[in-house]
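Numbering (my numbering), first residue to last: 49 to 630.
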Ligand SMILES: [Zn+2]
């Protein structure tokens, strides 16, 4: 790394295993830095989308020659034989000298040169808080090939996908810079900078320092360098050692100290409730342009409010579960990544700060998107949503509501058991939506693909309502209405004037079963399934209407019913029925 002209001279040895049943005649690499050039697809996309990311807008268009990013391939060989390739924007398309047969390996030797762009989005130099180098998406990176073929998407803004691998990285840089990175530093005693064991004498060589990091079973490698970092550590009990890198000043000194304690508790909560973090180190690094997750580290802006800092830290930490360990294809299934990370980090913060665990913010943002008319199915490829708003709400909020609402469908205890089983079954295996659903189906004994299809693959809405209520022979008949297309099970809670409550539970026919009783202190009547084609359903309550205070659909507010106003009837507020005058 040349810190004078911000350029890298890199060599890369990639031992690539073709674990597929297919013969490969080509391979593809990502060249992400090429996005930061006037006229790139990322630039054009940002200048044409209705609601551009304020961090990007038209800033790429105005980059000067020495401010743009690039990755240039100087040479590339497969097992010693030179290769032909073409550069297509942010994708390098390589024709192999010798096709790779199934279950064989090749060694690709590459020499490349990069220029680190001025920070526009995620990676780059001189971020707005003065961090010198945020080195993410910084090396030519092999694309993922799986049962759907190559995932060699042009980089235009949003999500990533990567190949599982072991990284062995040496970074040579001016010795005044402190480096933080994915993986574990192998030579702390010659580097120092707070990595050395307490009490050891650091023996630095003269001149530039070479930092040696190793990370196994990861999908990416990120690093950051700045001369003004403070490096602090905290140990998570029964968890990783946490490293914090930030520029200590009046804007950060207090908030970062407080945030460190919260970070320890977030790791503890996620370890207990969602499965164990698999690595022994994690770094929270001031850098980048907001918050972005990488294996064993995150880059976050550092000068904001305490709650903002805690929130972004917790979200990025949760990505260590829902991306860095499971690593679903987040370009195709951002909801499994952003949504699950939002959900689990919210749960951790709610537990730490004693807040109600209702995910109300995620529901509010979903309802707001529905009202805007901009909603698209969450199954859309991340890059191809029409607006940033529709993408953001689909990925983060609709993804989080997917899980909170799943709790409603299968029951809370079964849900948490399923989340851990999913993690332990699929870690380091790139799970697909079907893999998640199958685990949850096995754990709950219920059919769930209908829920996935409606919630993720369509924009159909949920709207249940209480219809007519009449008294007959000392019983009260309650009519329920399914107003919109989306079928759901119904929890109906009846409150009597004597202060008692009863639950009437109606599964939907699609579930082929029912959830276990969630609240054992509430008397529950399990009713036959509501066939999904039926618009109405009738319930008989064995008491007079005059004894009933209210009836309410889903008082837990976990069902994303777009009109909650018609979910509750207070009997005293019903207008008396009058015979129509003839
Ligand atoms: Zn995220």
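Just so it is clear, CB atoms sit at the ideal spot from N, CA and C, and this is done for glycine as well.
On a predicted model such as this, the values are computed, not experimentally measured, just so you know.
Does DSSP put residue 215 in a helix, in a strand, or in coil? If you number the chain shown from 1, residue 215 lands on position 167. The three-state reading of DSSP puts residue 215 in strand, counting E and B together.
Taking residue 291 as part of the beta strand (DSSP E), name the residues at either end of that continuous run. For this step, residue 291 is matched to residue 243 along the chain shown. 289-294 is the extent of the beta strand (DSSP E) around residue 291.
Along the chain, where does the beta strand (DSSP E) containing residue 183 start, and where does it finish? Locating residue 183 in the chain shown gives position 135, where the first residue counts as 1. Boundaries of the beta strand (DSSP E) harbouring residue 183: 181-183, taken from the DSSP string.
What does DSSP give as the partner residue(s) for residue 331 in the beta ladder? Mapped onto the chain shown, residue 331 falls at position 283. BP columns for residue 331 point to 291 and 345.
Presumed contact (8 Å Cβ cut-off) between residue 407 and residue 449, rounded CB distance: Start at 1 with the first residue of the chain shown, and residue 407 comes out as number 359. Start at 1 with the first residue of the chain shown, and residue 449 comes out as number 401. Contact holds; Cβ gap of about 7 Å.
Check whether the Cβ of residue 394 lies closer than 7 Å to any heavy atom of ligand 1, and answer yes or no. For the purposes of this step, residue 394 is taken as the residue at position 346 of the chain shown. Annotation for residue 394 indicates a beta carbon at 7 Å or more from all heavy atoms of ligand 1.
Compute the Euclidean distance between the alpha carbons of residue 441 and residue 422, then round it to the nearest angstrom. The sequence position of residue 441 within the chain shown is 393, counting from 1. The sequence position of residue 422 within the chain shown is 374, counting from 1. Distance between the alpha carbons of residue 441 and residue 422 is about 10 Å.
With 16 other CB atoms within 10 Å as the buried threshold, where does residue 98 fall? For the purposes of this step, residue 98 is identified with residue 50 of the chain shown, where counting begins at 1. Of the residues assessed, residue 98 falls on the exposed side of the cut-off, its CB having fewer than 16 other CB atoms within 10 angstroms.
How many whole angstroms separate the CB atoms of residue 237 and residue 250, which I take to be in contact at a CB cut-off of 8 Å? Counting from 1 along the chain shown, the entry for residue 237 is found at position 189. Counting from 1 along the chain shown, the entry for residue 250 is found at position 202. With 8 Å as the limit, residue 237 and residue 250 qualify as a contact, their Cβ atoms being about 6 Å apart.
Could you give the uninterrupted runs of the alpha helix (DSSP H) lying entirely in the segment 68-131, keeping only those of 4 residues or more? Listed in chain order, the complete alpha helix (DSSP H) runs (minimum 4 residues) inside the segment 68-131 are 89-96.
Using the three-state DSSP reduction, which class does residue 546 fall into: helix, strand or coil? Taking the chain shown and counting its residues from 1, the one referred to as residue 546 is at position 498. Reduced to three states, the DSSP call for residue 546 is coil.
How would you label residue 134, buried or exposed, when you count the other beta carbons within 10 angstroms and need 16 or more for buried? Position 86 of the chain shown, counted from the start, is the residue given in the question as residue 134. Counting Cβ neighbours within 10 Å, residue 134 comes out exposed, since fewer than 16 surround it.
Give me the Cα-Cα distance between residue 475 and residue 330, rounded to the nearest whole angstrom. If you number the chain shown from 1, residue 475 lands on position 427. If you number the chain shown from 1, residue 330 lands on position 282. Separation of residue 475 and residue 330 (C-alpha to C-alpha, rounded to the nearest whole angstrom) is 18 Å.
Reduced DSSP category for residue 163 - H, G, I as helix; E, B as strand; rest coil: Here residue 163 is taken as the residue at index 115 of the chain shown, counted from 1. Correct three-state label for residue 163: strand.
Would you mind working out which of 530, 307 and 234 sits nearest residue 556, comparing C-alpha positions? Numbered from its first residue, the chain shown carries residue 556 at position 508. Closest option to residue 556, Cα to Cα, is 530.
Among residues of its own chain, excluding the 5 on either side of residue 456, which ones have a beta-carbon nearer than 6 Å to its beta-carbon? Walking along the chain shown from the start, residue 456 turns up at place 408. The beta carbon of residue 456 lies closer than 6 Å to those of 606 and 607 in the same chain, with the five residues before and after it left out.
When the Cα atoms are used, what is the spatial distance from residue 366 to residue 391? The sequence position of residue 366 within the chain shown is 318, counting from 1. The sequence position of residue 391 within the chain shown is 343, counting from 1. Cα-Cα distance, rounded: 9 Å.
Mapping the DSSP letters down to three states, classify residue 199 as helix, strand or coil. Within the chain shown, the letter at position 151 stands for residue 199. Looking at residue 199 - three-state DSSP - the assignment turns out to be strand.
Would residue 436 and residue 424 be called neighbours here (beta carbons separated by less than 8 Å)? Counted from its first residue, the chain shown places residue 436 at position 388. Counted from its first residue, the chain shown places residue 424 at position 376. Going by C-beta atoms, residue 436 is not nearer than 8 Å to residue 424.
Mind checking residue 562: buried by the 16 CB within 10 Å criterion, or exposed? As a first step, residue 562 is located in the chain shown; it is residue number 514 there, counting from the start. By the neighbour-count rule (16 or more Cβ atoms within 10 Å), residue 562 is buried.
Between residue 426 and residue 443, what straight-line distance do the alpha-carbon atoms span, to the nearest angstrom? Translated into positions along the chain shown, residue 426 becomes position 378. Translated into positions along the chain shown, residue 443 becomes position 395. Cα to Cα, residue 426 sits roughly 7 Å from residue 443.
Opening and closing residue of the beta strand (DSSP E) in which residue 523 lies: On the chain shown, residue 523 is found 475 positions in, with the first residue counted as 1. Element bounds for residue 523: 523-530.
If distances are taken between C-alpha atoms only, which option among 75, 500, 171 and 82 comes closest to residue 153? By 1-based counting over the chain shown, the position of residue 153 is 105. The shortest Cα separation from residue 153 among 75, 500, 171 and 82 belongs to 75.
Which residues in the same chain have their Cβ closer than 6 Å to the Cβ of residue 120, if we skip the five residues on either side of it in sequence? As a first step, residue 120 must be located in the chain shown, where it is residue number 72. Closer than 6 Å at Cβ, skipping near neighbours: 161.
As a quick exercise: from 418, 240, 489 and 175, pick the residue whose alpha carbon is nearest that of residue 338. As a working note, residue 338 is residue 290 in the chain shown. Considering only alpha carbons, the answer is 175.
Can you have a look at residue 452 and say buried or exposed, based on whether 16 or more other CB atoms are within 10 angstroms of its CB? Position 404 of the chain shown, counted from the start, is the residue given in the question as residue 452. Counting the other CB atoms within 10 Å of its CB gives residue 452 a total of 16 or more, which places it among the buried residues.
Nearer than 7 Å: is that true of the beta carbon of residue 205 relative to any heavy atom of ligand 1? As a first step, residue 205 must be located in the chain shown, where it is residue number 157. No, Cβ of residue 205 sits at least 7 Å from all heavy atoms of ligand 1.
Going by C-alpha to C-alpha distance, which of 220, 186 and 235 sits closest to residue 245? Counting from 1 along the chain shown, the entry for residue 245 is found at position 197. The shortest C-alpha to C-alpha distance from residue 245 to any of 220, 186 and 235 is the one to 235.
Please confirm whether any heavy atom of ligand 1 lies closer than 7 Å to the CB of residue 442. Taking the first residue of the chain shown as position 1, residue 442 is located at position 394. Here the distance from the Cβ of residue 442 to the nearest heavy atom of ligand 1 is not below 7 Å.
Comparing the CB of residue 448 with every heavy atom of ligand 1, is any distance shorter than 7 Å? Here the question's residue 448 lines up with position 400 in the chain shown. Between ligand 1 and residue 448, a heavy atom-to-CB distance of less than 7 Å is absent.
Hey, residue 226 and residue 273: beta-carbon distance below 8 Å or not? Residue 226 sits at position 178 when you count from the first residue of the chain shown. Residue 273 sits at position 225 when you count from the first residue of the chain shown. Yes, the Cβ-Cβ distance between residue 226 and residue 273 is below 8 Å.
Closer than 7 Å: residue 363 CB and nearest ligand 1 heavy atom: As a working mapping, residue 363 is identified with position 315 in the chain shown. Within the cutoff, so yes.
From 552, 323, 269 and 618, pick the residue whose C-alpha is nearest to that of residue 573; which is it? As a first step, residue 573 must be located in the chain shown, where it is residue number 525. With distances taken between Cα atoms, residue 573 lies closest to 552.
Take the Cβ of residue 123 as the centre, count every other Cβ of all protein chains shown within 10 Å, and call the residue buried at 16 or more, exposed below. Translated into the one-based positions of the chain shown, residue 123 becomes position 75. Flag for residue 123 reads exposed.
Have a look at the DSSP bridge pairing and note the partners of residue 233. Against the chain shown, residue 233 aligns to sequence position 185. Answer by DSSP bridge pairing, in chain order: 261.
How about residue 389: is its Cβ closer than 7 Å to a heavy atom in ligand 1? Within the chain shown, numbered from 1, the residue matching residue 389 stands at position 341. Within the cutoff, so yes.
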